[in-house]
Amino acid sequence: MRRALALVLMAGAAQAETVPLAQAEVIRADLAQPTDRYAHAVLGDALEWGGLTLTVNTCLGCAGLHLTDVTITLPPNRVFEDVTTRLADLDSDGRDEVVVVETDLALGASLAIYGAGGKIAATDFIGQPNRWLAPAGIADFDGDGRVEVAYVDRPHLLGDLVFVRLEGDRLVETQRLPGLTNHRIGQDVISGGLRDCGQGPELVLASMDWTRMLGVRDGQVDDLGPMPPEGLTIPPC
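Heads up, the sequence shown is in full-length UniProt numbering, so the first residue is 1 and it goes up one at a time.
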């Protein structure tokens with residue numbers, strides 16, 4: 001019995017691993033370092049964010065969390081132009097990545113993926129200032145077992161719903177659908193979002209003129225009805 005117990009303890013100890021900070025597990029991510037260096041104000045005010053604070057666990061498989069904070073600070077020509085961060089395991093390694101909108105003051109917004117070691121991947125910047133993108137949801141949208149991130153490219157001007165997948169150090173576009181939006185200029189929230197009514201993940205978005213609610217599932221756009229008086233919300237199934 002004692003020998004069996006010792007073997008169990010040794011097996012448990014072997015599963016625990018202290019990893020370098022760059023490989024740590026992200027537990028929480030917060031926008032930090034408010035700044036007014038980018039006067040776009042698409043989210044209602046002229047304050048954006050100059051950094052991220054990540055709370056990470058450096059001992060994988062340990063009985064308790066070994067937490068420390070990691071600060072990521074952008075250069076002076078960049079801001080995080082977002083309402084929140086999003087955590088999701090994009091590469092199926094059991095650890096979450098951070099999804100956030102990162103903007104270059106001269107080149108506009110990009111969708112960026114961060115880990116404890118810094119930036120992992122990003123889309124190209126849109127190409128000019130005062131151009132933004134709005135994250136819409138994160139799920140396996142095409143049923144292939146891999147997670148995609150959906151966002152609306154220029155929700156006030158272009159209205160393309162874009163799906164991208166993390167492949168190594170790149171975000172690869174898998175689909176693009178026109179005529180959809182999820183944000184009005186000056187709102188401090190991103191409207192709509194993700195639901196699953198039993199047939200797989202579905203995004204709820206708006207038509208570009210904000211008169212119709214639209215659902216996107218399996219790459220197809222369905223009309224969900226007129227926009228309610230309260231605006232774009234996720235309707236019950």
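Even glycine gets a Cβ: it sits at the ideal position worked out from N, Cα and C. Quantities reported herein were computed from a predicted structural model and do not represent experimental measurements.
Nearest neighbour of residue i, chosen from the options [CA to CA]
i: P20; options: I126, T68, T53; result: T68
i: D124; options: C197, A22, D153; result: D153
i: L31; options: R86, N57, R165; result: R86
i: P75; options: T174, L52, V147, R170; result: L52
i: D142; options: L166, Q175, N77; result: Q175
i: A63; options: T18, M227, L47, E81; result: T18
i: D140; options: N77, A106, L105, P201; result: P201
i: A46; options: A29, V147, M213, Q187; result: Q187
i: E148; options: F163, P135, A134; result: F163
i: R28; options: V56, P226, S110; result: V56
i: H156; options: G44, I185, L65, G215; result: I185
i: A22; options: E167, L166, T58, P226; result: T58
i: D93; options: G50, L161, L166, D222; result: L166
i: K119; options: G198, L158, T71, P229; result: T71
i: D169; options: Q33, Y114, P228; result: Y114
i: N77; options: R146, G198, E48, P229; result: E48
i: A88; options: L203, G50, Q33, R146; result: R146
i: T73; options: L54, E81, G50; result: G50
The beta strand (DSSP E) enclosing residue i, as first and last residue numbers
i: S191; result: S191 -> no beta strand (DSSP E), and no H or E assigned at all.
i: F163; result: 160-167
i: V98; result: 97-104
i: D209; result: Note, D209: premise wrong, no beta strand (DSSP E); not H, not E.
i: residue 240; result: Lying before the first or after the last residue shown, residue 240 is absent from the chain, which here runs from 1 to 237.
i: I113; result: 108-115
i: I234; result: That residue, I234, is in no beta strand (DSSP E); it is neither H nor E in DSSP.
i: R120; result: At residue 120 the sequence reads Ile, which differs from the Arg that was named. Element bounds for I120: 118-122.
Check whether residue i and residue j have beta carbons under 9 Å apart
i: D96; j: E25; result: yes
i: L194; j: G137; result: yes
i: A121; j: L177; result: no
i: V100; j: T35; result: no
i: A116; j: E102; result: no
i: I126; j: L107; result: yes
i: P235; j: M213; result: yes
i: V83; j: V189; result: yes
i: G231; j: S191; result: yes
i: A16; j: L60; result: yes
Bridge partner(s) assigned by DSSP for residue i
i: L175; result: It should be pointed out that residue 175 corresponds to Gln in this sequence rather than to Leu. Bridge partners of Q175: F163.
i: D153; result: L133, D160
i: Q220; result: R217
i: D69; result: T55
i: V26; result: V56
i: F80; result: W49, E102
i: P201; result: D196
i: T35; result: E48
i: R170; result: E167
i: G225; result: M213
i: A139; result: E148
i: L180; result: S207
**Message:** Closer than 8 Å is the cut-off here; do at least three beta carbon pairs connect the region 163-181 with the region 201-221?
**Reply:** With the cut-off at 8 Å, the region 163-181 and the region 201-221 touch.
**Message:** Using a Cβ distance threshold of 8 Å, determine whether the region 124-140 contacts the region 37-45, with at least three qualifying pairs required.
**Reply:** Touching, yes, given that three or more Cβ pairs across the two stretches are closer than 8 Å.
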